[in-house]
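Visitor: As given, the protein sequences belong to chains L and Z, one line each in that order.
Position 201 of the first sequence, counted from 1, bears residue number 201 in my numbering, the numbering being contiguous throughout.
In short: position in the second sequence from 1, add 1000, done, that's my numbering.
There are 2 protein chains.
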Amino acid sequence: MDKIIEPKILKGFRDSLPEQEIRKKKMFKDLEEVFSSFGFVPIDTPALEYTDVLLGKGGGETDKQVYSFKDNGERDVSMRFDLTVPLARFIATNKSNILFPFKRYHISKVWRGENTQRGRYREFYQCDFDIVGSDSPSADIEILIMMKTSLEKLGITGFKIYLSNRGILNKFLKINEIRDKSAEILRIIDKLTKIGEEKVKELLKELIGESKCNKILDFINPEPDFDKTLDKLITLCNGDNSETERLKVIYKALKENGIEDYYVLDPTITRGLDYYTGLVFETFLAGNRDLGSVLSGGRYNNLASLYTNEQIPGIGASIGIDRLISALEKEDNKKPQALCDCIIFNIDDDLTGLLYKTAAEIRKKGISCEVYPENKKLNKQFAYAEKKNIPAGVIIGKDEKDTGTITVKDLIARKNYEKINIQDGIEKIVSIVREVKS
Amino acid sequence: MDKIIEPKILKGFRDSLPEQEIRKKKMFKDLEEVFSSFGFVPIDTPALEYTDVLLGKGGGETDKQVYSFKDNGERDVSMRFDLTVPLARFIATNKSNILFPFKRYHISKVWRGENTQRGRYREFYQCDFDIVGSDSPSADIEILIMMKTSLEKLGITGFKIYLSNRGILNKFLKINEIRDKSAEILRIIDKLTKIGEEKVKELLKELIGESKCNKILDFINPEPDFDKTLDKLITLCNGDNSETERLKVIYKALKENGIEDYYVLDPTITRGLDYYTGLVFETFLAGNRDLGSVLSGGRYNNLASLYTNEQIPGIGASIGIDRLISALEKEDNKKPQALCDCIIFNIDDDLTGLLYKTAAEIRKKGISCEVYPENKKLNKQFAYAEKKNIPAGVIIGKDEKDTGTITVKDLIARKNYEKINIQDGIEKIVSIVREVKS
């Protein structure tokens, strides 16, 4: 006998079982509906790329997490670790075939060899939407509106989008003659929620001294509302500048759309990543800030600098699919999921053709319908239907065949409708299924 | 200045541009609709698995094509090269959480380092649907019906499904005392379309001598219809056996569903792969047999033997996504694809908020609507709309704002509807879009 291989999965990787996969597909479908309703188009890029194309001059913290290897042709290749670098590469490669402003979305898997002890996965989905080729406030507004619309489409309520503008902070740092420390300061502020104000204060004091540290803490401390916070920022920057003007335009548009309450101006938002140049934002679910941001991003005005000297501005947002799924799963678990609407039981092998013919009739009404493929004991077939949460059942035996009828079973209410004519039976199935779905 | 990296893609890999990606997503959506209407559920598995789990004892021709490497933890890992091996592994891993008969589908990317000179890609989609855990003729029938329904859903006409049964051929080989040469004989017959009858004759003669070669050529030569071919096979096998009985049951059910014309009993169909044990099938488009089979598969009655001693029977089919896309593209290219239904042009930056508010109103009618994000020259904005094949346009200037109206442009018929009230304008947009889509 051959040796059996243990069917084990790599650490940090997961199978997706039907219930999970259905939920994920529904989520993607909802998001894609929103994205295309805004005129965004989908793209895809290869899972494998040349290592130097993905990692550039390399050497950073990310690189250690990337799956890199030599392929059979001795090329250095890597699996993509995000969808932003491939977007930049895609744009540089396809520049002449792309229509700008380019509004695209991309939902796909990425891979990172992260430390699984922190509960991270090594294979996960990213979902990004971006407007590339426009530096206008209008593009900022569109992305902000899409963020709200996307989360609402997923049935998420009680979220707030916290936004800020790196340009304003940088202006402020310049006035206070600490612009050269910008990167470190941004990174320290970004840790505020994680390490707390005291620790941030300590780190800033060490870096730039107490007086400037206090100025920054004042700067990032939000006022009670958007306008007041913006006013303070303007004052601290010695008057308006192009970035504060832009925030005014953005906020005015949000108000005109009656959705301003979803947005909070919060100067503590900086985003860790280097490539953001203007607006930055994060989204937290009410009462679930520990989950982290579920939808983040910002404006980057030099996206494809690795591949082209042309300056290409853009703004984009990325949905934390795994975080949202885990937040939504808690809700959804209350309700059992029907994996099929209707099942035709098998009690007579001679009738197989008729069972499939009847199933085809039922499907015409938009009802998913499966045929149990074996003439097993009925209680086995019922148990199968119950585990799949199928609400409607059909029995067709010799009697039904001879009289041109079917027997319909309401598997939830446990009621039978014996030997009714086929069209009435199908109507009955439709109403049973509709009842469950309502 | 930093050195620019050439944004090149690996040979055998492709970007998917919006038009292609939309077409592909539409295709997957249609297929998923069919699969779930039959009560099939989706699963997913990791892109990376342990090499020995994917390749088993290894050493075959496939292995050289697999992307294998050592990960950062020095584990031997491989990228999946099909969806059948992962299905077997999935079933062995999740046995206790799976409900049998397990009807699942899986649409995902796989990777093979194939020779790109033959026009093959190294990254491509597979789309499989299987019934695992049942050896009944009913399961065979269901898969055959789903094949037809899937292709019809994609708008494909004029296809035929060619089927055969390996069990019958093996029976025949046994009677003729050449059962031990079964694998070689199957492989030679499988090449018939590619190398022609003369060459097959030559190879068979060499293997088993002229008289037995002629018997096989007689066996695989189809009669004018299903019943006559089956009768001949029964005669050549010295009477009925369980496999010929099964074919009778299958054909009877197809006839009872009025779809028997789509199916051809063709004993030349053998499928190259070793794991098939019963029914095998391939699908060719009328007048396009050169494209190869677009939908193939068969019954395997020992799927997970690499991972478990339990015998798990199943039957499945795999859609040749790339082949179908190339066949459908020829059709689709006739018709330009609208990447969005409606565009709101930008002629006044002060009105941005109103543009997004109007866009939201339009979307409520199921019309996708984008806002041009910059106040550029109108002819530039028109050119953008034309390249995206957008049929309806909206202009909102100060006049429109003050009078609570919009100007609607039929961009196909080049007609304007100036300053009409918003609700009438939206109705106009709906009718322009409906016209184009009809």
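Even for Gly, the Cβ is constructed at its ideal location relative to N, Cα and C.
Owing to the predicted nature of the structure, the values given are computational and were not obtained by experimental measurement.
1) For chain C, check one thing: does any of its Cβ atoms lie closer than 7 angstroms to the Cβ of residue 1363/Z?
2) With a CB to CB cut of under 7 angstroms and the five nearest residues on each side skipped, what residues in its chain are close to residue 1098/Z?
3) Check whether the Cβ of residue 1245/Z sits closer than 6 angstroms to any heavy atom of the ligand SAM, and report yes or no.
4) Using DSSP with H/G/I as helix, E/B as strand and the rest coil, what is residue 392/L?
5) Can you tell me whether residue 119/L is buried or exposed? The criterion is at least 16 other CB atoms within 10 Å of its CB, across all chains shown.
6) DSSP has residue 317/L in a bridge; who is on the other side?
7) Name the two residues that bound the continuous alpha helix (DSSP H) containing residue 1432/Z.
8) Roughly how many angstroms lie between the CA atoms of residue 304/L and residue 1123/Z, to the nearest whole one?
9) Determine the direct distance from the alpha carbon of residue 421/L to that of residue 372/L, and round the result to whole angstroms.
10) Chain L beta carbons: is any one of them nearer than 7 angstroms to that of residue 1357/Z?
11) Are the C-beta of residue 43/L and some C-beta of chain Z separated by less than 7 angstroms?
12) Could you tell me which chain Z residues have their CB closer than 9 angstroms to the CB of residue 307/L, listed as they occur along the chain?
13) Of all the residues that make up the region 365–377 of chain L, which are near chain Z by a beta-carbon distance shorter than 9 angstroms?
14) Quick one: give me the first and last residue of the alpha helix (DSSP H) that residue 251/L is part of.
15) Using a Cβ cut-off of 7 angstroms, pull out every chain L residue sitting near residue 1213/Z, in sequence order please.
16) Applying the 10 Å Cβ sphere with the 16-neighbour rule, what's the burial state of residue 1268/Z?
17) Given that residue 1069/Z touches chain L, what residues does it touch there, using C-beta distances under 7 angstroms?
18) Could you pull the start and end residues of the beta strand (DSSP E) that residue 1159/Z belongs to?
19) Would you say residue 1015/Z faces chain L, with C-beta separation under 7 angstroms as the test?
20) Mapping DSSP to helix, strand and coil, what is residue 271/L?
21) Would you call the CB atoms of residue 195/L and residue 1356/Z closer than 7 angstroms?
22) Can you list the residues of chain L that residue 1256/Z reaches, using a CB-CB cut of under 7 angstroms?
23) Tell me which same chain residues have a C-beta within less than 7 angstroms of the C-beta of residue 1430/Z, skipping the five on either side of it?
24) Determine, using beta-carbon pairs with one atom in the region 1338–1353 of chain Z and one in the region 135–142 of chain L, whether at least three such pairs fall under 8 angstroms.
25) What are the boundary residues of the alpha helix (DSSP H) that residue 1384/Z is part of?
26) Which runs of the beta strand (DSSP E), 3 residues or longer, sit entirely within the region 339–373 of chain L?
27) Should the region 307–317 of chain L be regarded as contacting the region 333–348 of chain L, the criterion being three or more beta carbon pairs within less than 8 angstroms?
28) Could you give the DSSP three-state label for residue 1443/Z: helix, strand or coil?
29) Counting pairs of beta carbons, one from the region 1169–1184 of chain Z and one from the region 373–385 of chain L, are three or more of them closer than 8 angstroms?
30) Using only CA atoms, which one of 1293/Z, 1260/Z, 1313/Z lies nearest to residue 1134/Z?
31) According to DSSP, is residue 107/L part of a helix, a strand, or is it coil?
32) Using a Cβ distance threshold of 8 angstroms, determine whether the region 1252–1261 of chain Z contacts the region 1173–1181 of chain Z, with at least three qualifying pairs required.
33) Classify residue 1180/Z as helix, strand or coil using the three-state DSSP reduction.
34) Only counting the same chain, and skipping five residues up and downstream in sequence, which positions put a Cβ closer than 8 angstroms to that of residue 1361/Z?
35) Could you tell me which whole alpha helix (DSSP H) segments of length 4 or greater appear in the region 174–226 of chain L?
36) Looking at chain L, which residues of the region 1026–1051 of chain Z have a Cβ within less than 7 angstroms of any of its Cβ atoms?
Guide: This is what the structure holds:
1) Here the protein chains are L and Z, and chain C is not one of them.
2) Here residue 1098/Z is taken as the residue at index 98 of the second sequence, counted from 1. Excluding sequence neighbours, residue 1098/Z sits near 1091.
3) Looking for the ligand SAM in the displayed structure turns up nothing, as the structure carries no ligands at all.
4) Reading the first sequence from its first residue, position 392 is the one you call residue 392/L. Under the three-state reduction of DSSP output, residue 392/L falls in the strand class.
5) Translated into positions along the first sequence, residue 119/L becomes position 119. Looking at its Cβ environment, which holds fewer than 16 other Cβ atoms inside 10 Å, residue 119/L is exposed.
6) Working through the first sequence from its first residue, we reach residue 317/L at position 317. Partner residues in the beta bridge of residue 317/L, as assigned by DSSP, are 129/L, 297/L.
7) Locating residue 1432/Z in the second sequence gives position 432, counting from the first residue. Counting along the chain, residue 1432/Z sits inside the alpha helix (DSSP H) bounded by residues 1422–1437.
8) Start at 1 with the first residue of the first sequence, and residue 304/L comes out as number 304. Start at 1 with the first residue of the second sequence, and residue 1123/Z comes out as number 123. In this model, residue 304/L and residue 1123/Z are separated by some 25 angstroms (Cα to Cα).
9) Position 372 of the first sequence, counting from 1, holds the residue named residue 372/L. Position 421 of the first sequence, counting from 1, holds the residue named residue 421/L. Cα to Cα, residue 372/L sits roughly 21 angstroms from residue 421/L.
10) In the second sequence, counting from the first residue as 1, residue 1357/Z sits at position 357. So, interface residue.
11) Here the question's residue 43/L lines up with position 43 in the first sequence. True, the Cβ-Cβ gap to chain Z drops below 7 angstroms.
12) Here residue 307/L corresponds to residue number 307 of the first sequence, with the count starting at 1. What residue 307/L touches in chain Z: 1004, 1005, 1006, 1007.
13) Flagged, chain order: 366, 367, 368, 369, 370, 371, 372, 373, 374, 375.
14) Position 251 of the first sequence, counted from the first residue, corresponds to residue 251/L. Element bounds for residue 251/L: 242–256.
15) By 1-based counting over the second sequence, the position of residue 1213/Z is 213. Those do not exist, as residue 1213/Z stays about 33 angstroms from chain L at its closest Cβ, beyond 7 angstroms.
16) The residue you call residue 1268/Z lines up with position 268 of the second sequence. With 16 or more other CB atoms across the displayed protein chains lying within 10 angstroms of its CB, residue 1268/Z is buried.
17) Position 69 of the second sequence holds residue 1069/Z. Residues of chain L passing the Cβ test: 69.
18) The count along the second sequence starts at 1 and reaches residue 1159/Z at position 159. Under the DSSP assignment, residue 1159/Z falls in the beta strand (DSSP E) whose first and last residues are 1159–1165.
19) Within the second sequence, numbered from 1, the residue matching residue 1015/Z stands at position 15. Residue contact check for residue 1015/Z against chain L: a CB pair falls below 7 angstroms.
20) As a position in the first sequence, residue 271/L is number 271, starting the count at 1. When DSSP states are grouped into helix, strand and coil, residue 271/L belongs to the coil group.
21) Looking up residue 195/L in the first sequence gives position 195. Looking up residue 1356/Z in the second sequence gives position 356. Cβ distance not < 7 angstroms, so residue 195/L and residue 1356/Z don't count as in contact.
22) As a first step, residue 1256/Z must be located in the second sequence, where it is residue number 256. In chain order: 353, 354, 357.
23) Reading the second sequence from its first residue, position 430 is the one you call residue 1430/Z. Excluding residues within five positions, the ones whose Cβ falls inside 7 angstroms are 1365, 1367.
24) Yes, the region 1338–1353 of chain Z touches the region 135–142 of chain L.
25) In the second sequence, residue 1384/Z corresponds to position 384, counting from 1. Segment 1378–1387, the alpha helix (DSSP H) holding residue 1384/Z.
26) Listed in chain order, the beta strand (DSSP E) runs fully inside the region 339–373 of chain L are 342–345, 369–371, counting runs of at least 3 residues.
27) Between the region 307–317 of chain L and the region 333–348 of chain L, the count of C-beta pairs closer than 8 angstroms stays below three; the two stretches do not touch.
28) The shown model of chain Z, from 1001 to 1438, leaves out residue 1443/Z, and the question about it has no answer.
29) Touching, no, given that fewer than three Cβ pairs across the two stretches are closer than 8 angstroms.
30) Sequence index remark: in the second sequence, residue 1134/Z carries index 134 (1-based). Cα-wise, what sits closest to residue 1134/Z is 1313/Z.
31) On the first sequence, position 107 is the one that residue 107/L refers to. For residue 107/L, the secondary structure class from DSSP, reduced to helix, strand or coil, is strand.
32) By the Cβ test, the region 1252–1261 of chain Z is not in contact with the region 1173–1181 of chain Z, since fewer than three Cβ pairs between them sit closer than 8 angstroms.
33) Translated into positions along the second sequence, residue 1180/Z becomes position 180. Reduced to three states, the DSSP call for residue 1180/Z is helix.
34) Taking the first residue of the second sequence as position 1, residue 1361/Z is located at position 361. Same-chain partners within the cutoff: 1422, 1426.
35) As far as the region 174–226 of chain L is concerned, its whole alpha helix (DSSP H) runs of at least 4 residues are 182–190, 192–195, 197–208, 210–220.
36) Flagged, chain order: 1036, 1037, 1038, 1039, 1041, 1042, 1043, 1044, 1045, 1046, 1047, 1048, 1049, 1050.
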